[in-house]
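Chains as they are written, first to last, in full-length UniProt numbering: chain A, 1 to 630; chain B, 1 to 324; chain C, 1 to 161.
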Amino acid sequence: MTPLLIENGDLLAGLGVWSDELLVSLLVLPVLAMLLGFVLGGRAAERITLLTLPLGLALAIAVAVLMLHQGTPLSYDIGGWEPPLGVALRVDGLSALLLLTTALVITGVGLYACADFATSADVKEARAPLAFWTLLLGLWAALNAVFIGQDLFNLYVAIELLTFTAVPLVCLKGSAETLQAALRYLLFALLGSVLYLLGAALLYGAYGTLDIGQLAAAMGSSAEPAAIAAVVLMTAGLLAKTALVPLHLWLPPAHAGAPAAASAVLSALVVKGSFYLVFRLWIDLMPLAYTQQIAQGLATLGAVAILLGGIMAIRQARLKMLIAYSTLAQLGYLFLIFPLLVSPVMVPALADGSTPAAWTGGILQLVSHAFAKASMFMGAGLIMIALGHDRIADLGGLGRLLPITLVAFALSGLSLMGLPPSGGFAAKWLLLRAAIETGQWWWMLVILLGGVLTGVYLYRVLVSASFGGAGAVVEAGPTSDRQSASVPELAPEALPELASAPSPEPASAPSPRSSSERPGQTGQAQSVQGQPRLQRPVARSRELIVLTLALIAIALGMVPLTSFEILQIGRGGEAMAMLEPLAEPVGLSAVELPPSGLTPVPSVAGSLVAEMEPLPGVAGSLPSAAEPLP
Amino acid sequence: MNAVAILGLLTDLVLAVSVLMLSIWIVLTPDRLRAVVGFLANGILIALVWMRLGAPDVALTEAIIGGGLVTLLLLGASARVPPESARNAFADRDRWPLHLLAALLAAVVAVGLALVVLNLPEPAPSLASAVATELPATAVDNPVTAVLMAFRAVDTLFETVVLVVALIAFWSLIPEGAWFQRAGWLPLREPAPALVLLGRVLPPFGILTAVHLFWIGTTLPGGKFQAGALLAAIWALVLIAGLSQPMAAAQRLPRLLVVMGPTVFFAVGLAGFWLAGDFLAYPSGLEKPLILIIEAVLMLSVAAALGLILAGLPPAPGSLEQRR
Amino acid sequence: MTAVDLFGLLGSLLVGIGLYGLITGACALRKIVAFNLLGAGVFLVFGVIARRGAGAGFPGDPVPQALVITGLVVAFAATALAVGLLVRLAESAGVGDVDDQLLPAPKITLGPMPEPPSGTEERPASPGAVALGEHAQSRVVAVVPPADRDPDDQTIAGSCA
Chain A
1 MTPLLIENGD
11 LLAGLGVWSD
21 ELLVSLLVLP
31 VLAMLLGFVL
41 GGRAAERITL
51 LTLPLGLALA
61 IAVAVLMLHQ
71 GTPLSYDIGG
81 WEPPLGVALR
91 VDGLSALLLL
101 TTALVITGVG
111 LYACADFATS
121 ADVKEARAPL
131 AFWTLLLGLW
141 AALNAVFIGQ
151 DLFNLYVAIE
161 LLTFTAVPLV
171 CLKGSAETLQ
181 AALRYLLFAL
191 LGSVLYLLGA
201 ALLYGAYGTL
211 DIGQLAAAMG
221 SSAEPAAIAA
231 VVLMTAGLLA
241 KTALVPLHLW
251 LPPAHAGAPA
261 AASAVLSALV
271 VKGSFYLVFR
281 LWIDLMPLAY
291 TQQIAQGLAT
301 LGAVAILLGG
311 IMAIRQARLK
321 MLIAYSTLAQ
331 LGYLFLIFPL
341 LVSPVMVPAL
351 ADGSTPAAWT
361 GGILQLVSHA
371 FAKASMFMGA
381 GLIMIALGHD
391 RIADLGGLGR
401 LLPITLVAFA
411 LSGLSLMGLP
421 PSGGFAAKWL
431 LLRAAIETGQ
441 WWWMLVILLG
451 GVLTGVYLYR
461 VLVSASFGGA
471 GAVVEAGPTS
481 DRQSASVPEL
491 APEALPELAS
501 APSPEPASAP
511 SPRSSSERPG
521 QTGQAQSVQG
531 QPRLQRPVAR
541 SRELIVLTLA
551 LIAIALGMVP
561 LTSFEILQIG
571 RGGEAMAMLE
581 PLAEPVGLSA
591 VELPPSGLTP
601 VPSVAGSLVA
611 EMEPLPGVAG
621 SLPSAAEPLP
Chain B
1 MNAVAILGLL
11 TDLVLAVSVL
21 MLSIWIVLTP
31 DRLRAVVGFL
41 ANGILIALVW
51 MRLGAPDVAL
61 TEAIIGGGLV
71 TLLLLGASAR
81 VPPESARNAF
91 ADRDRWPLHL
101 LAALLAAVVA
111 VGLALVVLNL
121 PEPAPSLASA
131 VATELPATAV
141 DNPVTAVLMA
151 FRAVDTLFET
161 VVLVVALIAF
171 WSLIPEGAWF
181 QRAGWLPLRE
191 PAPALVLLGR
201 VLPPFGILTA
211 VHLFWIGTTL
221 PGGKFQAGAL
231 LAAIWALVLI
241 AGLSQPMAAA
251 QRLPRLLVVM
261 GPTVFFAVGL
271 AGFWLAGDFL
281 AYPSGLEKPL
291 ILIIEAVLML
301 SVAAALGLIL
311 AGLPPAPGSL
321 EQRR
Chain C
1 MTAVDLFGLL
11 GSLLVGIGLY
21 GLITGACALR
31 KIVAFNLLGA
41 GVFLVFGVIA
51 RRGAGAGFPG
61 DPVPQALVIT
71 GLVVAFAATA
81 LAVGLLVRLA
91 ESAGVGDVDD
101 QLLPAPKITL
111 GPMPEPPSGT
121 EERPASPGAV
131 ALGEHAQSRV
141 VAVVPPADRD
151 PDDQTIAGSC
161 A
């Protein structure tokens, strides 16, 4: 890909002509696919979504490559009407990375979900598949709109779209618990969006524009009281959608109750959408002085989330609940960015033009958590299929039944804990470094303690899954009783409507043995008396998808940190201007990055389908992460 | 201050106090059904407030959607949710700290907000003059329509997408096994004869009014949303009176209607790239006909989406309602 | 005091009332009503801002007015989804609020369930409920609660505050 970049400069210049079309396509493509899928219905919705996945991924890559090539953000005024009258779109380094993350995760989820949401042969159309595939596309459009929006009201419509696509995904099963979880989620989200809208109204009342860039320019270094009230209201609203403590109550039941593929999207991406807006409000919109005042408060809530989420995760008996609480904790880390980024200590120290560690670390945390958590939730889905339950205590023998999934789980766990070599390690290491550099040792303690808690709850799962087999023999009687008793209960769940695509099972699989002995499936023919048996087979391709996402989370830790300078492209707000005194080298460095710096993005994309190859030209993880940036 | 101004202010005062009192009553009244009916009355009063604020377009929308359609939804829900029981009284006694905290929070927010709103910077920033300057370029006379269809057309476009998504989301709640059933919230089992008569007489007038609202939308207050919402309300009335069968989610025609609006909007928007140089820009000379076409299709789509949502969900197989 | 100030005050108070109702509403339907009141207050604040921006021959700034129209339609969509969820929750579990407890897993004998569970192949992961009873929970509403439950709890399930 890199030689292509250099040799085909003409091609990229040609691409540059289409920059406006590319930006608009980010919104148009998924929406049109959704409309078409909805009107054609039935199996068409699934096929159209699967066709859209590579197109959307290519689009995200094209936008990222074009922006890298230009070294400046892409922007577009819709309809040719400039703000404040019109609405603008804008892609900078950060949003390009988030667009790419979104595309990759959704592609993984889409491929994974084929087996869960296939319309069975004997029905013309079924509720859950149609809803899932169309909503997935709608969700993608909403996330793209959130990441490239520049107008606060346009962003309001985008986050509402996000809410309306995310909430029904929670209750696709239609059980009472999930309906209740979805309703609770919706009520929190609606409170959030109405507060956000109120803030947008006040900002318009104070400055007569809704464009983020224009608002920041109009504010200069001091904001109107109305603007402060507005941003506080909007932040409160967005925190309800991001599930930051104390507005977190909706998240665990919603994320744990959703089907695995939906949980993956919800935890990996949806909560990040509202976090991204909080980030934009305080970093891009508000003057630095105000951000400095609120930063400690936001980070304190984040710290509480890290500790509370970790402790609650340890106490969970069910794997999906554990993963959901882990999301709560990992989101907390994102809020530590604020004090580390805008600390007064940092500002003079950064006169040499380096990328702030907190900035890279925070974004790396966001992205690596997205991949790790998507992998974990989808892995949990496979475990649920294979074992028929997700009780952590009874996971014994998993290593034999689903070895790949277990490895993927361990790798994602590595990233969440922040152990090398992983994206999570680089993220947490950079945050730690920033905490030391800015003299805020208390955040260091929180990060370390959070890592320990993460280690404890993941250790529980891994130990139970790896060494639980012996215990299972002791408990052989009750365990096998319970499981064989639950077979008649499981059988109807293998309804043709939702049976896995590779091997549609008859509606009443008589014995789990027979299905587990099918060739080409994992863990077959090894069932020992007294060991947990495979309730339903799991396609190896699905395990590989889970593994690929986990490997991406790991690989992020091996990407040389210099390549994250692309994140600096187009950072506008005052905070960034102060943190990044030399705007020019950023543009240059993006173009002149060493080949190794550019490779990971495309190769990570390619690896999603094929098996993961060692990233070419990747520098050693630890030293490169530890070294200060050039 | 002359007599007319004083009279106007007095009207505003009475209006504001009524809305305030009614809203407090809605939140506090022990009877749920009364709260819903009070909400309808409140919607109409708020529409009057919008008239007084010089926004007839919004007043129309508020009256039809904020007042009428939302109330219809809430009424449908209150008939299907278990009745409020004696539990409140006991439970609420334990919850007084929460109520106190909530009241404090609400008071702080309300007072703070009032201070901010009353002290917004003077002179008020406004895009009115910018809209007036650019209005000729859109070939539309109603400034609100110009904002909705030209300057901020992308918001309108995405709003119609939101309606489609809302319908998909709503239908994703259809009980298992009832996907091919007809929606079941609206039809009354024994509609009153007066209602049936109303259902027969009103639709022609309603449709005429809707077409009128739509047609004047480019010059005077009115437009696709108001007209579409009115059509949906008429459809709901016809369904309530049992004069027509509700649709089922599995049918293709309603979906086609719902999707048509945004699709045409997208098509025109994309064509704008080649014909006018920008997404969602109209080629000069064709602005008015294109906007009219989009609005006409959108009106039908909005009506279909709102109407299908109002018609509700089919009952769960085996539930009491279905056996009836 | 002018009409703009008056309605600005009204909008702010409506926001307060709606917020109070949304937090304390004893059942989800009331919360939805309160959300709509809150929304009405926010839109009124928008309207006051539009009115303040009157000029160029318009009685109000048309941009915020247009935004309110968009917002009203979005709020309707939100209400529709909330009402749909509430009705389905009431149908399947007989409760009317997000805080109402669903009946705990009833103690039933092992055996095939009368009806296949809905949705995807996974079962809901609900804390505290054992695997077997789980989806019975959504189907069999009128089972006798287990004897070891607190009598106070029993009155909670099945009622909308």
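Beta carbons: idealized from backbone N, C-alpha and C, even for Gly.
| query | result |
| --- | --- |
| Taking residue 657/A as part of the beta strand (DSSP E), name the residues at either end of that continuous run. | Past the boundaries of the shown model lies residue 657/A; chain A is included only from 1 to 630, so the question cannot be answered. |
| How should Asp94/B be labelled, buried or exposed, when 16 other C-beta atoms within 10 angstroms of its C-beta is the threshold for buried? | exposed |
| Can you list the residues of chain A that Asp57/B reaches, using a CB-CB cut of under 8 Å? | None at all; the shortest Cβ gap to chain A is about 17 Å. |
| Can you tell me which of the three DSSP states Val4/C falls into? | helix |
| Return the residues of the region 91-118 of chain B that lie within a Cβ-Cβ distance of less than 9 Å from chain A, sorted by chain order. | Val109, Gly112, Leu113, Leu115, Val116 and Val117 |
| Does the distance from the C-beta atom of Leu406/A to that of Ala465/A stay below 7 Å? | yes |
| Quick one: which chain B residues come within Cβ less than 8 Å of Leu135/A? | Val165, Ile168, Ala169 and Ser172 |
| Going by CA-CA distance only, name the one from Asp211/A, Leu298/A and Met384/A that's closest to Pro537/A. | Met384/A |
| Could you confirm whether any beta carbon from chain C is found closer than 7 Å to the beta carbon of Arg184/A? | yes |
| Considering Cα atoms alone, identify which of Gln180/A, Met234/A, Leu161/A and Ala200/A is closest to Gln101/C. | Gln180/A |
| Straight-line CA distance for Ala114/B to Gly71/C? | 21 Å |
| Which of helix, strand or coil does DSSP assign to Arg90/A? | strand |
| Jot down the residue ranges of each uninterrupted alpha helix (DSSP H) in the region 207-248 of chain B, minimum 4 residues, whole runs only, in chain order. | 224-240 |
| On the CB-based measure, 16 or more other CB atoms within 10 Å of its CB, does Asn154/A come out buried or exposed? | buried |
| Is it buried or exposed, Asn42/B, if we count other Cβ atoms within 10 angstroms and call 16 or more buried? | buried |
| Who are the near neighbours of Leu6/C in its chain, counting only those whose CB is closer than 7 Å to its CB and skipping five residues on each side? | none |
| Exposed or buried, what is Trp441/A when buried is set at 16 or more other beta-carbons lying within 10 Å of its beta-carbon? | exposed |
| Under 7 Å between the Cβ atoms of Val147/B and Pro62/C? | yes |
| Could you check whether the Cβ of Leu137/A sits closer than 6 Å to any heavy atom belonging to the ligand GDP? | This structure does not include the ligand GDP; it has no bound ligands of any sort. |
| What's the call for Thr49/A, buried or exposed, on a 16-neighbour Cβ count within 10 Å? | buried |
| Taking the alpha carbon of Gly86/A as the reference point, which residue from Leu67/C, Lys31/C and Ile17/C has its own alpha carbon closest? | Leu67/C |
| Restricting to Cα atoms, I'd like to know which of Ala256/A, Gly423/A and Ala553/A is closest to Gly361/A. | Gly423/A |
| How about Ala281/B: is its C-beta nearer than 7 Å to some C-beta of chain A? | yes |
| Check whether the Cβ of Leu72/C lies closer than 7 Å to any Cβ atom in chain A. | no |
| According to DSSP, simplified to helix, strand and coil, what is Gly37/A? | helix |
| Report buried or exposed for Met21/B, applying the criterion of at least 16 other Cβ atoms within 10 angstroms of its Cβ. | exposed |
| Just verifying my parser: in three-state terms, what is the DSSP assignment at Leu74/A? | strand |
| May I ask you to list the residues that DSSP assigns as paired with Gly149/A? | Leu89/A |
| For the region 174-208 of chain A, enumerate the residues whose C-beta is nearer than 7 Å to any C-beta of chain C, in chain order. | Gly174, Ser175, Ala176, Glu177, Thr178, Leu179, Gln180, Ala182, Leu183, Arg184, Leu186, Leu187, Leu190, Leu191, Val194, Leu197, Leu198, Ala201, Tyr204 and Gly205 |
| Can you grab the Cα-Cα spacing for the pair Asp57/B / Gly222/B, in whole Å? | 6 Å |
| Less than 7 Å separating the beta-carbons of Tyr76/A and Ala261/A? | no |
| What are the residues in the region 72-105 of chain C lying within 7 Å of chain A by C-beta distance? | Val74, Ala77, Ala78, Leu81, Ala82, Leu85, Leu86, Arg88, Leu89, Ser92, Ala93, Val98 and Leu102 |
| Which term fits Arg533/A, buried or exposed, when burial requires 16 or more other beta carbons within 10 angstroms of its beta carbon? | buried |
| Quick check: what's the CA-CA separation for Gly285/B versus Ala276/B? | 11 Å |
| Can a CB atom of chain C be found closer than 7 Å to the CB of Ala132/B? | yes |
| Does the separation of the CB atoms of Leu104/A and Leu23/A fall below 7 Å? | no |
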